[in-house]
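Working notes for the structure below.
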Amino acid sequence: MNSGKSIMNTSVVSADTQMKAAGKKFQVTGISNGLVSGLTYGIYSTLVVVASGYNPLVSAAGILAAPFVASGLNDLFAGIWLLFYNAKQGRLRELGRTLKTKPGKMLVIGFLLGGPIANGAYLVGLALAGAYAIPISATCSLFGALFAWIFLKQRPTKRVVLGMVMCVAGAIVINFVKPEGAPNFTLGIICALIAAVAWGLEGVFSSFGGAMIDTDVAVNLRELISGLFALLIVVPLIGGGIKLLGGTLSAPSPMLWLAIAGMSAAISFVSWYKANSMVGCAVGMSLNVTYAFWGVLFSVMFLGQALTPTIVIGSIVIVLGAIVVTMNPLDLFRKGDA
Amino acid sequence: MLLPSRMAVLNHMFDKDEVDVKSVMAALKDDYGNEKQFNEKMYLDHLMALEANGLAEMSSYDLNENGDLVMKYRITDDGKSTVEKYVDKRYRVA
């Protein structure tokens, strides 16, 4: 009774306080998820390279077979890890339910664009234009914001645009190396651009009612569909693809690394989608772009990548860009509560 | 087959003035109550994610008798048109 009275007296204040704390927690969780998605995407990118360094992937003929086998297996592994995760949450039934709905079907179109199509174009672009393909692909956040603006009427603020431009500029600086004898350079750039557009469009397809879909379920479907499509449809179309897939499946070392890479990718996508739904697509995407920084860092640490001034400067620019997208840096200098 | 649960939450909100996580769960208990995912954390997640996507908005908040924060949500116009466009008619509440 006494305590009831004291709650009455303070209820308005403490409800406000609790509410502010809850809102702040939501924001912080969203931003942390975005950062984790970038970090784990960097780990995933590095580990796929590690896995590709083992036979039979390293000695595969042609430029297409190895990347598609590696990325298809990686996605399939990620999908399987996510099945375990969702089973633990008691959410497995949601996968079938989601596919039955209109938004779910729209998501699948987006997954095919962002999974096999964008990934495939990106890998071909990498093979033809070398590292130049990476900054081009990083423009996907620009396309994402552009399409969101056109189709979804989500108008980005000037600060968000500035931050995104910085992210892309940083990616360009990092990868500013002359192509050495790239035979089909222009075609490679076009492929990377196709990848960027497809990744940007994927976000749009995820928005036709996709906000009603649980992101952990959506990302599970994405990885499964992307992996199965790559392995069952794309790989058989590539010369020597099936043979390479069979050889890789029976090779323990690359399979182990791909399984770990798949887990990093799974964590990355879950946290990326979560960030998108908590702090918005533009912020989520830009935080995810910090993968370029982490990917370079891990390559320097574990893969013997040389540390050059462009890599250091570019990485810093990307991280600063991500911060500008996330918050107004001037707020750091303003004292007192918001 | 049932709707995916987040979609079911928004669908339920369509003709309600205001909901909180407990009232949503009470309404969906018959269909989803026996599932492991049927817990307050997950359903509050659904409401907050719908809010972050502009399909719902917080209408009020207060403390309950235990001093816990209770957030009430209502569907937005965007949310209503999303339900009308993308939720199959046979599932709709109104």
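Residue numbers (my numbering), protein chains in the order written: chain A, 1 to 338; chain B, 1001 to 1094.
From the three backbone atoms N, C-alpha and C, an ideal C-beta is built for every residue, glycine too.
Nearest to residue i (by Cα), restricted to the options the options
i, options, result
"L256(A)", "L297(A), L92(A), F77(A)", "F77(A)"
"G115(A)", "L92(A), S226(A), T98(A)", "S226(A)"
"K1080(B)", "L162(A), G209(A), A196(A), W149(A)", "G209(A)"
"D972(B)", "L1050(B), D1088(B), L1002(B), N1066(B)", "No information on residue 972(B) is available, as it lies outside the stretch 1001 to 1094 that chain B covers here."
"N184(A)", "A230(A), L128(A), L224(A), R155(A)", "L128(A)"
"A121(A)", "L162(A), M106(A), G314(A), C140(A)", "C140(A)"
"S253(A)", "P103(A), A51(A), G23(A)", "A51(A)"
"Y44(A)", "M263(A), P56(A), I316(A), G280(A)", "M263(A)"
"Q27(A)", "G280(A), R159(A), T308(A), G53(A)", "G280(A)"
"V1087(B)", "G104(A), L83(A), E94(A)", "G104(A)"
"T157(A)", "I316(A), K25(A), V283(A)", "V283(A)"
"L1047(B)", "D214(A), T40(A), A251(A), C191(A)", "D214(A)"
"M1058(B)", "E1084(B), N1039(B), T1076(B)", "T1076(B)"
"F147(A)", "S207(A), K88(A), G79(A), S250(A)", "S207(A)"
"L123(A)", "S286(A), V317(A), L193(A), N55(A)", "L193(A)"
Chain-ordered neighbours of residue i on chain A, where CB pairs are closer than 8 Å
i, result
"M1048(B)", "F26, M278"
"M1001(B)", "G96, R97, K100"
"T1082(B)", "G209, A211, M212"
Contact under 8 Å by Cβ, residue i with residue j
i, j, result
"L47(A)", "I323(A)", "no"
"T29(A)", "M278(A)", "yes"
"V270(A)", "P1004(B)", "no"
"A198(A)", "I311(A)", "no"
"N288(A)", "G125(A)", "no"
"N220(A)", "N86(A)", "yes"
"A15(A)", "Y1061(B)", "yes"
"G200(A)", "F143(A)", "yes"
"G321(A)", "G170(A)", "yes"
"A195(A)", "S268(A)", "no"
"L1044(B)", "M212(A)", "no"
"T290(A)", "L35(A)", "yes"
"M166(A)", "A145(A)", "no"
"G61(A)", "G240(A)", "In the sequence on display, residue 61(A) carries Ala and not Gly. Cβ distance < 8 Å, so A61(A) and G240(A) count as in contact."
"Q1037(B)", "G246(A)", "no"
"V319(A)", "G72(A)", "no"
"F205(A)", "L107(A)", "yes"
"A1006(B)", "A1052(B)", "Position check: residue 1006(B) holds Arg in this sequence, whereas Ala was assumed. Not a contact, by the Cβ cut-off of 8 Å."
"G339(A)", "V173(A)", "Because chain A is modelled from 1 through 338, residue 339(A) falls outside the range shown and cannot be assessed."
"F1014(B)", "R1090(B)", "no"
"F258(A)", "N74(A)", "Looking at the sequence itself, residue 258(A) is Leu, so the reference to Phe does not match. Yes, these two residues count as a Cβ contact at 8 Å."
"V49(A)", "L57(A)", "no"
"A266(A)", "L82(A)", "yes"
"G96(A)", "L224(A)", "no"
Reduced DSSP category for residue i - H, G, I as helix; E, B as strand; rest coil
i, result
"N9(A)", "Residue placement at N9(A) is flagged as unreliable, the pLDDT there being 47, under the threshold of 50; the coordinate-derived value follows with that caveat. N9(A) falls in the helix class under three-state DSSP."
"R91(A)", "coil"
"G336(A)", "In this prediction, G336(A) scores a pLDDT of 44, lower than 50, which makes its location untrustworthy; the coordinate-derived value is nonetheless stated afterwards. Here G336(A) sits in coil by DSSP."
"M1(A)", "For M1(A), the predicted structure reports a pLDDT of 40, less than 50, and the residue's modelled location is therefore unreliable. A value from the coordinates is still provided. Note: M1(A) maps to coil in three-state DSSP."
"R155(A)", "coil"
"S1060(B)", "strand"
"M1071(B)", "strand"
"V289(A)", "coil"
"V1019(B)", "strand"
"D1078(B)", "helix"
"P236(A)", "helix"
"M263(A)", "helix"
"P67(A)", "helix"
"L162(A)", "helix"
"E1035(B)", "coil"
"S206(A)", "coil"
"G114(A)", "helix"
"F77(A)", "helix"
"N1011(B)", "helix"
"G280(A)", "coil"
"A1052(B)", "helix"
"V217(A)", "helix"
"R1090(B)", "helix"
Cross-chain neighbours of residue i in chain B, by beta carbon under 7 Å
i, result
"R91(A)", "Q1037"
Chain D contact residues for residue i, given Cβ-Cβ distances below 9 Å
i, result
"I213(A)", "The chain inventory of the structure shown lacks chain D, comprising the protein chains A and B."
Interface partners of residue i on chain B, CB under 8 Å
i, result
"A339(A)", "Nothing can be reported for residue 339(A), as the shown portion of chain A is limited to 1 through 338."
"V217(A)", "P1004"
"M19(A)", "Y1061, L1069, M1071"
"V103(A)", "Looking at the sequence provided, one finds Pro at residue 103(A) rather than Val. Chain B residues near P103(A): M1007, Y1086."
Chain A contact residues for residue i, given Cβ-Cβ distances below 7 Å
i, result
"A1026(B)", "Simply none; closest approach about 19 Å."
9 Å Cβ cut-off: residues of chain A touching residue i
i, result
"K1022(B)", "The contacting residues do not exist; K1022(B) stays about 16 Å from chain A at best."
Three or more C-beta pairs below 8 Å linking the segment 1003-1017 of chain B and the segment 65-73 of chain A | no
Evaluate contact between the segment 1015-1025 of chain B and the segment 1063-1075 of chain B, counting only Cβ atoms and requiring at least three cross-stretch pairs below 8 Å.
-> yes
Counting Cβ pairs closer than 8 Å, one from the segment 292-311 of chain A and one from the segment 104-112 of chain A, do we hit at least three?
-> no
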